[in-house]
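In terms of our numbering, the sequence shown opens at residue 11 and continues consecutively.
Even for Gly, the Cβ is constructed at its ideal location relative to N, Cα and C.
This structure is a prediction, so every number in the text was calculated from the model and none was measured.
One structure below.
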Amino acid sequence: MLLIGLTGSIATGKSTVSSLLSSPPHNLPVVDADLLARKVVEPGTAGYAAIVKHFAATTPDLLVEPSSSMPENGPDGKGRPLNRPALGKRVFGHTEALQRDRAVLNGIVHPAVRQEMFKAVLGCYARGHWAVVLDVPLLFEGGLDRFCGVTVVVGVRDPETQLRRLTARDPHLSREDAENRVRSQGDVREKAARCEARGEGNGVVLWNDGSREELAQSLEREMTKLKATSPVWWSWLLLGCPPLAVAMAAYRIWQNGRINKEWHEGKRTSKL
11 MLLIGLTGSI ATGKSTVSSL LSSPPHNLPV VDADLLARKV VEPGTAGYAA
61 IVKHFAATTP DLLVEPSSSM PENGPDGKGR PLNRPALGKR VFGHTEALQR
111 DRAVLNGIVH PAVRQEMFKA VLGCYARGHW AVVLDVPLLF EGGLDRFCGV
161 TVVVGVRDPE TQLRRLTARD PHLSREDAEN RVRSQGDVRE KAARCEARGE
211 GNGVVLWNDG SREELAQSLE REMTKLKATS PVWWSWLLLG CPPLAVAMAA
261 YRIWQNGRIN KEWHEGKRTS KL
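In structure tokens, the structure reads:
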């Protein structure tokens, strides 16, 4: 089974590509890290408890305000949901304090998300899918690209296009808030360069400076190439022979580790 790592940055079109891949003619299962990140911090979870314990004292509006439709202890008695915009303002920024708080939040959320992703991917393998999409905003930063057969980056060449789309989508964000959120996910142009460094067949960059139709056409061309290199019969062979699947996964992890090492060494050399 082919793992397709899909990433990009906020407001570059990654969600659009994810939606296209999950719809006809592709019909691929998508494991969405953002959705899982919400799931693992729902009231009653260990993640929710850890976030409340760490942030409640310094973030008075951390939880949704009680109201006629929101009981003091939440709809099911497990607590009121997190106020995500308030939590976002608490951790998005470039000061040392905000970066420390963001690291704490990531340390709570990311391990739980990875566990849920592993279970979802295992289920897709058991059902015989030829490919599964891992939709992860911080794919490279979290090291999950090591497990992917193909990495796809959705980017825009002009940073202003990204900011304009973000503020149009989320009008409650100030210019500064938008810039902080973009900065927190890294420069998508660098992600694109890193993806291209993986080589033909291993890295795909989809530039989304145009229309949705143009993006869909680019995606269709790339998916046709991927299907040719990863036929359905190969997926069934891996399903019927788990040792072969494990061996192929181990080789892929080793190969991607080597590619990442070369990338980081090249970055260090360029700074000298």
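Expressed to the nearest angstrom, what Euclidean distance is found between the alpha-carbon atoms of residue i and residue j?
| i | j | result |
| --- | --- | --- |
| Lys99 | Leu249 | 45 Å |
| Trp140 | Leu225 | 23 Å |
| Thr177 | Gly23 | 14 Å |
| Ser106 | Arg193 | According to the sequence displayed, residue 106 carries Glu and not Ser. Those two C-alpha atoms are separated by around 14 Å. |
| Lys277 | Pro169 | 22 Å |
| Pro252 | Trp264 | 18 Å |
| Gly220 | His64 | 42 Å |
| Glu230 | Gln172 | 23 Å |
| Thr279 | Gly196 | 20 Å |
| Ala260 | Gly15 | 17 Å |
| Trp243 | Arg94 | 44 Å |
| Val166 | Gly152 | 22 Å |
| Val164 | Phe150 | 13 Å |
| Arg191 | Gly103 | 8 Å |
| Gly84 | Arg90 | 4 Å |
| Ser32 | Thr26 | 10 Å |
| Ala2 | Val131 | With the chain covering only 11 through 282, there is no way to say anything about residue 2. |
| Val160 | Leu13 | 7 Å |
| Arg222 | Ala96 | 31 Å |
| Pro76 | Asp86 | 13 Å |
| Val74 | Glu206 | 42 Å |
| Ser28 | Leu183 | 24 Å |
| Gln109 | Val215 | 29 Å |
| Arg48 | His274 | 32 Å |
Can you list, in chain order, the residues of its chain whose CB lies under 7 Å from that of residue i, leaving out five sequence neighbours each side?
| i | result |
| --- | --- |
| Val51 | Gly57, Tyr58, Ile61, Leu92, Val119 |
| Met233 | His36 |
| Ala7 | Residue 7 lies beyond the stretch modelled for the chain, which goes from 11 to 282, so this question has no answer here. |
| Arg208 | Thr161, Ile269 |
| Lys88 | Pro53, Gly54 |
For residue i, which option in the options has the closest C-alpha, if you only look at C-alpha atoms?
| i | options | result |
| --- | --- | --- |
| Arg124 | Gly211, Leu154, Arg137 | Leu154 |
| Asp145 | Pro121, Lys271, Val215, Val162 | Val162 |
| Leu148 | Val198, Val114, Phe102 | Val198 |
| Ala203 | Arg156, Asn270, Pro241 | Asn270 |
| Tyr135 | Pro53, Val40, Lys88 | Val40 |
| Thr69 | Asp111, Leu46, Lys88 | Asp111 |
| Leu45 | Ala122, Ser77, Gly54 | Ala122 |
| Met258 | Arg137, Cys158, Ser77, Cys205 | Cys158 |
| Gly213 | Asn266, Leu108, Ser78, His274 | Asn266 |
| Ser19 | Pro81, Ser184, Gly117, Glu200 | Glu200 |
| Leu30 | Ser228, Val256, Trp273 | Ser228 |
| Arg137 | Leu38, Glu275, Pro34 | Leu38 |
So that I know if they touch, is there some Cβ in chain D lying closer than 9 Å to that of residue i?
| i | result |
| --- | --- |
| Leu115 | The displayed structure is made up of one protein chain only, and chain D is not part of it. |
Short of 8 Å in beta carbon distance, which residues of its chain neighbour residue i, apart from the five on each side in sequence? Order them along the chain.
| i | result |
| --- | --- |
| Leu247 | Leu254 |
| Pro241 | Trp140 |
Once the 5 residues before and after residue i are set aside, which same chain residues still bring their CB inside 6 Å of it?
| i | result |
| --- | --- |
| Leu115 | Val101 |
| Ser245 | Met11, Trp140 |
| Asp42 | Asp145 |
| Glu126 | Leu46 |
| Ala66 | Leu72 |
ask   = Can you list the alpha helix (DSSP H) stretches of 4 or more residues lying completely in the region 62–114, in chain order?
value = Annotation note: the region 62–114 contains the following uninterrupted alpha helix (DSSP H) runs of length 4 or greater, listed N- to C-terminal: 94–101.
query = At what residue ranges does the region 138–184 contain a whole run of the alpha helix (DSSP H), taking only runs of 4 or more?
reply = Entirely contained in the region 138–184, the alpha helix (DSSP H) runs reaching 4 residues are, in chain order, 169–179.
task = Determine, using beta-carbon pairs with one atom in the region 236–248 and one in the region 133–148, whether at least three such pairs fall under 8 Å.
result = Contact holds: three or more Cβ-Cβ distances are below 8 Å.
query = At which residue ranges does the region 190–225 contain complete alpha helix (DSSP H) runs of 4 or more residues, listed in the order of the chain?
reply = 198–206, all fully within the region 190–225.
Continuous alpha helix (DSSP H) assignments of at least 4 residues falling wholly in the region 230–273 = List check, alpha helix (DSSP H) in window: 242–250.
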